[in-house]
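Asker: One structure follows; several queries about it will come next.
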Amino acid sequence: PVSYYENANEKFNLHQVAPLEIRYYENYYYLIAVNLNDNALRTFRIDQIHRFKIDGMVNTANEEPVLFDKKTLESQTSIKKLFKESMGIFPYNTIDANMYEIQIKFIDWAASYMKRLKYHHSQKIVEENKNENYIIISIQLRLIHEKNKGEDVLKRNKALAFLLGRFGNFARIEGVKQI
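Whatever position you read off the sequence shown (first residue = 1), add 1186 for the working numbering.
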């Protein structure tokens, strides 16, 4: 079980999970695990884990031991595919989100920065203008479905919002196309 501090309600909650991966993102380590009560993927920032105990788990309904196979859980959760189509630690599934090609313009120092660093395997430079000091990159990510027509793209993908927020006025979305 994992005892985890939930910032939203400022209390510790106990989670019965099967660990699948440790990921590093934006200077923090995260445990990616399957909640054994509902088979949902959960993400836990490791420095927020209050207590982590590896032990045998028992199904409270029938007192049977809870066993899991990592390969089976990876297959059932499609974790590899989810993270391939996401950025950072925020995966979106195919039911909640569609794939999009997103073009982002970076100017001045942000252009130089993004030219050197690759944030996602699909990231590629589609335009570069050295005289005006900008680049436009293309990236393929899942965006959750719009709640309202014309909803801001950054409200539909946390990791993309986080990335662009780092650059302020030096980055903006130029185009979004469903693929």
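Virtual Cβ for every residue (Gly too), placed ideally from N, Cα, C.
Please read these numbers as outputs of a predicted model, since none were measured by experiment.
May I ask which residues mark the beginning and end of the alpha helix (DSSP H) holding ARG1302?
Answerer: Looking at the DSSP string, the run of the alpha helix (DSSP H) that includes ARG1302 is 1295-1302.
Asker: Hey, would you say LYS1304 sits closer than 8 Å to ILE1311, going by beta carbons?
Answerer: Not a contact, by the Cβ cut-off of 8 Å.
Asker: How is SER1272 classed by DSSP in three states: helix, strand or coil?
Answerer: Note: SER1272 maps to coil in three-state DSSP.
Asker: Go ahead and pull the three-state DSSP assignment for ARG1247.
Answerer: Residue identity differs from the one stated: residue 1247 is Ala in this sequence, not Arg. DSSP places ALA1247 in coil when its eight states are reduced to three.
Asker: Compute the distance between the beta-carbons of GLU1332 and ILE1322, then report whether it is under 8 Å.
Answerer: Cβ distance not < 8 Å, so GLU1332 and ILE1322 don't count as in contact.
Asker: Using the beta-carbon count (16 or more within 10 Å), is THR1246 buried or exposed?
Answerer: Looking at its Cβ environment, which holds fewer than 16 other Cβ atoms inside 10 Å, THR1246 is exposed.
Asker: Helix, strand or coil: how does DSSP classify GLN1309 here?
Answerer: In this structure, GLN1309 counts as coil in the three-state DSSP scheme.
Asker: Answer with buried or exposed for THR1280, where buried requires no fewer than 16 other C-beta atoms within 10 angstroms of its C-beta.
Answerer: Exposed: under 16 other Cβ atoms inside 10 Å.
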